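Peer 1: Protein chains in written order, with my numbering: chain C, 1 to 345; chain U, 346 to 558.
C-beta: ideal position from N, C-alpha, C; glycine also.
These numbers come from a predicted model, not from an experiment.
Written as structure tokens, this is what we have:
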């Protein structure tokens with residue numbers, strides 16, 4: 001609790017310079033903005049021009065020209081509005097007007113201004129991760145006039161590498177494989193993507209810092225099973241059967257009937273005591289075996305299926321091992337755009 | 346017989362590692378009849394059975410000694426019947442095996458009953474009733490019968506029938522055994538006045554256990 005109170009006290013002391021950098025401090029310019037909001041365009045114009053003669057920050061200068069552009073648009077002085085917006089774009093090439101909060105006249109003057117000066121805007125480098133040699137970094141930018149545009153990557157140990165050169169107008173998309181001229185992946189480090197547009201004597205360049213890091217390529221885990229395929233039991237319990245009891249009765253019956261049939265009539269009736277004891281034991285064993293759960297029997301179909309499944313998994317694991325060997329020799333490139341230091345020129 | 350017992354005792358342990366061997370004691374009980382229904386004996390005794398199995402071959406050696414007592418007429422005396430059965434089997438197909446062997450039974454006192462010896466030829470059917478439970482049915486003819494009191498039998502006049510069961514216990518280390526054997530000799534004698542029937546018939550049951558190696 002005490003720590004948070006200290007933070008509340010300390011943060012405003014540190015932050016004001018940063019916050020005020022993006023707010024208008026100049027009194028004349030603030031008065032000009034106030035006059036514009038009061039629809040006093042003449043006052044806004046005179047105060048706006050007056051503020052430009054004073055010492056302004058870059059941000060304030062851009063706001064001053066923007067105010068002039070809006071004011072001239074409101075006064076239907078389109079050419080002057082275009083000139084003012086040109087200054088805005090030269091000071092802040094990335095500047096865009098909110099179409100929902102800007103009058104159509106001002107928007108059209110701003111668009112005309114963009115077409116009359118050469119700037120490279122909205123340079124974007126996508127954050128991406130890929131295996132060296134198997135992917136590319138996507139970049140895009142917008143050039144406002146037809147011009148020769150050269151894109152280079154500078155920094156690191158490789159000096160400067162030209163990655164694209166084209167005559168373009170409007171949005172341009174580039175895919176950079178992040179490879180050196182000899183095919184090796186670009187070494188890890190901080191780089192700058194520099195886009196330079198030239199037409200006649202005019203040129204404009206902008207840059208986007210990026211950081212490239214190297215990492216190990218993920219290897220594939222070995223398989224213990226194939227998705228959707230499970231091992232089947234290699235034995236199965238046959239259904240209960242009265243066969244043991246039946247066979248026991250048949251065997252015992254044959255023995256006893258045979259004894260009776262084969263005994264000599266002169267010797268009296270045959271003794272069934274011995275055969276009865278053993279036969280009774282067999283019938284009892286047969287009855288117990290009938291009631292008992294049958295012993296599991298090998299399931300040939302399932303054994304064959306499991307064998308094929310094991311063979312398939314072994315084959316796939318061999319392929320994975322080869323793939324992993326290959327991947328361990330590769331490098332994973334990670335490209336991340338860094339915050340820009342300033343606007344282009 | 347004594348030499349056979351010695352041979353079994355000496356030779357069987359040496360071949361134990363060959364394949365499955367089982368050996369164990371049995372209690373025997375039997376019914377013996379001779380010539381007419383008047384000579385009727387019943388008795389009990391002890392026995393032993395050894396079995397050796399090697400590939401498609403198997404052999405049974407069965408020894409038994411039963412003390413028979415007359416069932417009714419006291420004028421007849423008790424006698425001991427010592428019997429040796431040796432059977433060699435060869436597996437043919439399905440449940441069927443062929444059997445070849447011999448049997449010898451000696452009566453003591455010698456003149457109280459007939460001693461007999463014969464060569465046995467037959468077949469055996471075996472079936473597995475369930476896990477560890479085997480039963481068998483065997484039958485065959487007894488050729489070349491020799492009797493201590495003389496006499497002969499025709500080619501089909503002497504035959505035998507048998508029934509057996511073994512039940513595994515203690516993970517197959519011990520077998521409970523039960524066997525039934527029926528023998529009939531249609532013996533005829535001739536003292537010069539013509540052929541006289543003097544049949545011999547025995548039913549013998551044996552129950553015991555065996556240790557398997």
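1) Can you give me the C-alpha to C-alpha distance between residue 232 (chain C) and residue 294 (chain C), rounded to a whole angstrom?
2) Can you give me the start and stop residues for the alpha helix (DSSP H) that residue 310 (chain C) sits inside?
3) If we count Cβ pairs, one from each stretch, closer than 8 Å, do we get three or more for the region 434 to 442 of chain U versus the region 203 to 221 of chain C?
4) Does residue 21 (chain C) come out as helix, strand or coil in the three-state DSSP assignment?
5) In this structure, what does DSSP give as the bridge partners for residue 218 (chain C)?
6) Throw me the rounded Cβ distance for the residue 505 (chain U) and residue 377 (chain U) pair, which I believe falls under 8 Å.
7) Residue ranges of each alpha helix (DSSP H) run of no fewer than 4 residues wholly in the region 188 to 270 of chain C, ordered along the chain?
8) Kindly indicate if chain U contains any beta-carbon less than 8 Å away from that of residue 240 (chain C).
9) Let me make sure I understand the geometry here. Which of C:81, C:189 and C:32 has the alpha-carbon closest to that of residue 156 (chain C)?
10) Work out the CA separation of residue 490 (chain U) and residue 544 (chain U) for me, nearest whole Å.
11) Comparing the C-beta of residue 281 (chain C) with each C-beta of chain U, is any distance below 8 Å?
12) Checking contacts by CB at 8 Å: is residue 249 (chain C) closer than that to chain U?
13) Is the region 511 to 520 of chain U touching the region 470 to 484 of chain U in the sense that three or more CB pairs, one from each, lie closer than 8 Å?
14) So, is the C-beta of residue 308 (chain C) closer than 8 Å to a C-beta in chain U?
15) Relative to the C-alpha of residue 416 (chain U), which candidate in U:550, U:387 and U:405 has its C-alpha closest?
16) Answer yes if the region 107 to 119 of chain C comes into contact with the region 138 to 155 of chain C, meaning at least three C-beta pairs across the two stretches below 8 Å, and no otherwise.
17) Output yes if chain U places a C-beta closer than 8 Å to the C-beta of residue 237 (chain C); else output no.
18) Touch check for the region 27 to 39 of chain C and the region 47 to 58 of chain C: three-plus C-beta pairs under 8 Å?
19) Quick check: what's the CA-CA separation for residue 508 (chain U) versus residue 495 (chain U)?
20) Tell me the residue span of the alpha helix (DSSP H) that contains residue 33 (chain C).
21) Closest Cβ-Cβ distance between residue 448 (chain U) and chain C: below 8 Å?
22) Among the residues of its own chain, which have a CB less than 6 Å from the CB of residue 168 (chain C), if the five just before and after it don't count?
23) Which bits of chain U does residue 346 (chain C) rub up against, with CB to CB less than 9 Å?
24) Taking residue 380 (chain U) as the reference, give the member of U:537, U:539, U:529 and U:465 with the closest Cα.
25) Taking C-beta pairs closer than 7 Å, name the residues in chain C that residue 544 (chain U) reaches, listed in chain order.
26) Let me know the beta strand (DSSP E) ranges lying completely inside the region 406 to 459 of chain U, each 3 residues or longer, listed in chain order.
27) Hey, which unbroken runs of the alpha helix (DSSP H) at 4 residues or more fall wholly within the region 89 to 152 of chain C?
28) Of all the CB atoms in chain U, is at least one closer than 8 Å to the CB of residue 255 (chain C)?
Peer 2: On the basis of the coordinates in this document:
1) 19 Å
2) 300 to 328
3) no
4) The predicted position of residue 21 (chain C) is uncertain, since its pLDDT is 49 and thus under 50; no value can be drawn from it.
5) Residue 218 (chain C) pairs with nothing; no bridge assigned.
6) Not really, about 14 Å apart at Cβ, beyond 8 Å.
7) 243 to 262
8) no
9) C:189
10) 12 Å
11) yes
12) no
13) yes
14) no
15) U:387
16) yes
17) no
18) yes
19) 30 Å
20) 27 to 37
21) no
22) 143 and 149
23) Since the first residue shown for chain C is 1 and the last is 345, residue 346 (chain C) is missing from the structure and cannot be characterised.
24) U:529
25) 264, 266 and 267
26) 424 to 438 and 441 to 453
27) 104 to 116
28) yes
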